[in-house]
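Read the structure below first, then the notes.
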Amino acid sequence: MLKRRVHLVALALLVLSLAGAAPFVTPAAAQAQGSLPNIVVLATGGTIAGAAASDVQAGYTSGQVGVEQLLAAVPQAKKLANLKGEQISNIGSQDMNDEVWLKLAKRLSALAGQKDVDGIVITHGTDTIEETAYFLNLTVKTKKPIVLTAAMRPSTALSTDRPLNFYNAVAVAANKDAAGRGVLVVVNDWIHGASSLTKTSTTAVQTFLSPVRGLIGTVAYGESEFYRGPVGRNTFDSEFSIDGIGVMPRVDIIMAHENMDGALIQAAATSGAQGIVVAGVGNGNMTQAALETLAAQAKKGIVCVRSSRVATGSVGRKVEVDDDKYGFVASLEHNPQKSRVLLRLALTKTKDPKVIQRYFDEY
Ligand code: ASP
Numbered sequence: 055m056l057k058r059r060v061h062l063v064a065l066a067l068l069v070l071s072l073a074g075a076a077p078f079v080t081p082a083a084a085q086a087q088g089s090l091p092n093i094v095v096l097a098t099g100g101t102i103a104g105a106a107a108s109d110v111q112a113g114y115t116s117g118q119v120g121v122e123q124l125l126a127a128v129p130q131a132k133k134l135a136n137l138k139g140e141q142i143s144n145i146g147s148q149d150m151n152d153e154v155w156l157k158l159a160k161r162l163s164a165l166a167g168q169k170d171v172d173g174i175v176i177t178h179g180t181d182t183i184e185e186t187a188y189f190l191n192l193t194v195k196t197k198k199p200i201v202l203t204a205a206m207r208p209s210t211a212l213s214t215d216r217p218l219n220f221y222n223a224v225a226v227a228a229n230k231d232a233a234g235r236g237v238l239v240v241v242n243d244w245i246h247g248a249s250s251l252t253k254t255s256t257t258a259v260q261t262f263l264s265p266v267r268g269l270i271g272t273v274a275y276g277e278s279e280f281y282r283g284p285v286g287r288n289t290f291d292s293e294f295s296i297d298g299i300g301v302m303p304r305v306d307i308i309m310a311h312e313n314m315d316g317a318l319i320q321a322a323a324t325s326g327a328q329g330i331v332v333a334g335v336g337n338g339n340m341t342q343a344a345l346e347t348l349a350a351q352a353k354k355g356i357v358c359v360r361s362s363r364v365a366t367g368s369v370g371r372k373v374e375v376d377d378d379k380y381g382f383v384a385s386l387e388h389n390p391q392k393s394r395v396l397l398r399l400a401l402t403k404t405k406d407p408k409v410i411q412r413y414f415d416e417y
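If you count the sequence shown from 1, you need to add 54 to reach our numbering.
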């Protein structure tokens, strides 16, 4: 009976390989074959590198633990891949900035071009991981897996989510099936695409959702399952580049609310913003006063994007606001923070709202 089953399995494997299907190599099988992929871990800080004085306190400091300590703390990950660590920064991601972004994107591009690198894991804070992931998704030209991960509980906490998130991120980066799916974010067993994920809880471990388009896949104790590819053009297929860019254009986000006037929109323009994203109410709406101030900025050549403060859904063109008349861009599914990232890169190429609307359609 057992012999027959073994034969059936062997036959199934033979049929699969004859059909040209890519053989699925589990982490355990790769280890057994001695063919572990080479993964570089770029650490930037965040709660995943955070520490507190006790294991049951809410207060802690992000970015305390270095990459070597992180690697040493999750020895199980070394069974999935040959790991090398590099420290890019060690900051809470609330302090993420253009200098680190450009350094990270350049280092990633260099590593992705190396034959002896199969994938890259980036450890990051949860606060702005969606912005960094989307920025890298638009600027790093590669099909190799790039996987960001994070933790909601610091390394010292009771029940920290650090080790398993890191382990799963390494497993996804080591998986050939992750290639060509754009920049991914792996937290709490879920694999998100950079363009779709957003942080939804200030404290819960299950904070990230991809509310409009759903997940790219799942990963449980290193075993990944992929459901689909990424949404929108990305990485190898992106027309954006940071080559030769030292300073990124300034774009401000302003949140709409009841009784809004145009003062903050005006202030953004005065502060040198080349683009303004309004996190509008509902379908990217705002008071008439704010609308008129925004339209005046668009007329002066500041690119104005209508996004929404609402957690899910899309901001469509010309629903309640005549975007053609005012020269506005509608954010579609991009939330305000993703809209800002895309608009900043768009402004490195053009100020034409029609071209920029195309970017929002395609990316
Ligand atoms: N403030 C932290 C950060 O983004 C929060 C976290 O990582 O969960 O770095």
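C-beta atoms are modelled at their ideal positions from N, C-alpha and C, and glycine is treated no differently. What you are looking at is a predicted structure, and each value in this text was computed from that prediction instead of being measured.
{"Check": "Sort out for me which residues DSSP pairs K133 with in a bridge.", "Outcome": "Note: K133 sits in no beta bridge, so no partner."}
{"Check": "Going by DSSP, what residue range makes up the alpha helix (DSSP H) through N222?", "Outcome": "216-227"}
{"Check": "Tell whether a beta-carbon distance below 8 angstroms holds between N242 and V226.", "Outcome": "no"}
{"Check": "Return the chain-ordered list of same chain residues with a C-beta closer than 6 angstroms to the C-beta of I145, the five sequence neighbours on each side being excluded.", "Outcome": "G99, G117"}
{"Check": "Near P217, what residues of its chain come up, given a Cβ to Cβ distance below 7 angstroms and the 5 sequence neighbours on each side ignored?", "Outcome": "A127, V128"}
{"Check": "How big is the Cα-Cα spacing for A352 and Y188?", "Outcome": "25 angstroms"}
{"Check": "Verify the contact flag: A105, CB atom, against every heavy atom of ligand 1, threshold strictly below 7 angstroms.", "Outcome": "no"}
{"Check": "Would you check if the distance between the CB atom of A131 and the CB atom of N92 is smaller than 8 angstroms?", "Outcome": "no"}
{"Check": "I want to check one thing, is the minimum distance from the CB of S147 to the heavy atoms of ligand 1 below 7 angstroms?", "Outcome": "yes"}
{"Check": "What residue range does the beta strand (DSSP E) around D177 cover?", "Outcome": "The sequence given here places Thr at residue 177; Asp does not occur at that position. Residues 173-177."}
{"Check": "Since Q328 and R304 are thought to touch, with beta carbons under 8 angstroms apart, how far apart are those beta carbons, to the nearest angstrom?", "Outcome": "6 angstroms"}
{"Check": "Flag this pair as yes or no: are the beta carbons of A491 and T101 separated by less than 8 angstroms?", "Outcome": "With the chain running from 55 to 417 in the structure shown, residue 491 is simply not present."}
{"Check": "Along the chain, where does the beta strand (DSSP E) that runs through R360 open and close?", "Outcome": "357-362"}
{"Check": "Would you list the one or two residues that DSSP bridges to L238?", "Outcome": "V201, G247"}
{"Check": "Go ahead and label L202 buried or exposed: buried means 16 or more other beta carbons lie within 10 angstroms of its beta carbon, across all protein chains shown.", "Outcome": "buried"}
{"Check": "According to DSSP, which residues form a beta bridge with G95?", "Outcome": "Here residue 95 turns out to be Val, not Gly, going by the sequence shown. DSSP output for V95 lists G139, V175 as bridge partner(s)."}
{"Check": "Among the candidates L90, K230, G283, whose CA atom is the shortest distance from the CA of K133?", "Outcome": "L90"}
{"Check": "What is the residue span of the alpha helix (DSSP H) that F414 lies within?", "Outcome": "407-416"}
{"Check": "Which residue comes first and which comes last in the alpha helix (DSSP H) that contains F382?", "Outcome": "Taken as a continuous stretch (DSSP letters only), F382 belongs to no alpha helix (DSSP H), as it is neither H nor E."}
{"Check": "When the distance is taken between beta carbons, is R371 closer than 8 angstroms to A333?", "Outcome": "no"}
{"Check": "Look up N191 in the DSSP assignment and say whether it is helix, strand or coil.", "Outcome": "helix"}
{"Check": "Tell me whether the beta-carbon of V285 lies closer than 8 angstroms to the beta-carbon of S249.", "Outcome": "yes"}
{"Check": "Which of helix, strand or coil does DSSP assign to K253?", "Outcome": "strand"}
{"Check": "Return the chain-ordered list of same chain residues with a C-beta closer than 8 angstroms to the C-beta of V240, the five sequence neighbours on each side being excluded.", "Outcome": "V201, L202, T203, N219, N222, A223, V226, H246, V273"}
{"Check": "Between T257 and L263, is the Cβ-Cβ spacing less than 8 angstroms?", "Outcome": "no"}
{"Check": "Quick one: measure Cβ to Cβ for S147 and T180, integer angstroms, because I've assumed they're closer than 8 angstroms.", "Outcome": "7 angstroms"}
{"Check": "Distance check for G338 and D306, CA to CA, integer angstroms please.", "Outcome": "16 angstroms"}
{"Check": "For T402, report the span of its alpha helix (DSSP H) as first-last.", "Outcome": "That residue, T402, is in no alpha helix (DSSP H); it is neither H nor E in DSSP."}
{"Check": "May I ask whether a heavy atom of ligand 1 can be found less than 7 angstroms away from the beta carbon of G179?", "Outcome": "yes"}
{"Check": "Cα-Cα, which of W244, F382, S292, G336 is closest to A349?", "Outcome": "F382"}
{"Check": "Looking at the structure shown, is S264 part of a helix, part of a strand, or coil, going by DSSP?", "Outcome": "coil"}
{"Check": "Specify the secondary structure class of T180 as computed by DSSP and reduced to three states.", "Outcome": "coil"}
{"Check": "Just the C-alpha distance for Q111 and Q123, rounded to the nearest angstrom, thanks.", "Outcome": "21 angstroms"}
{"Check": "Should Q342 go down as buried or exposed, given a rule of 16 or more other Cβ atoms within 10 Å for buried?", "Outcome": "exposed"}
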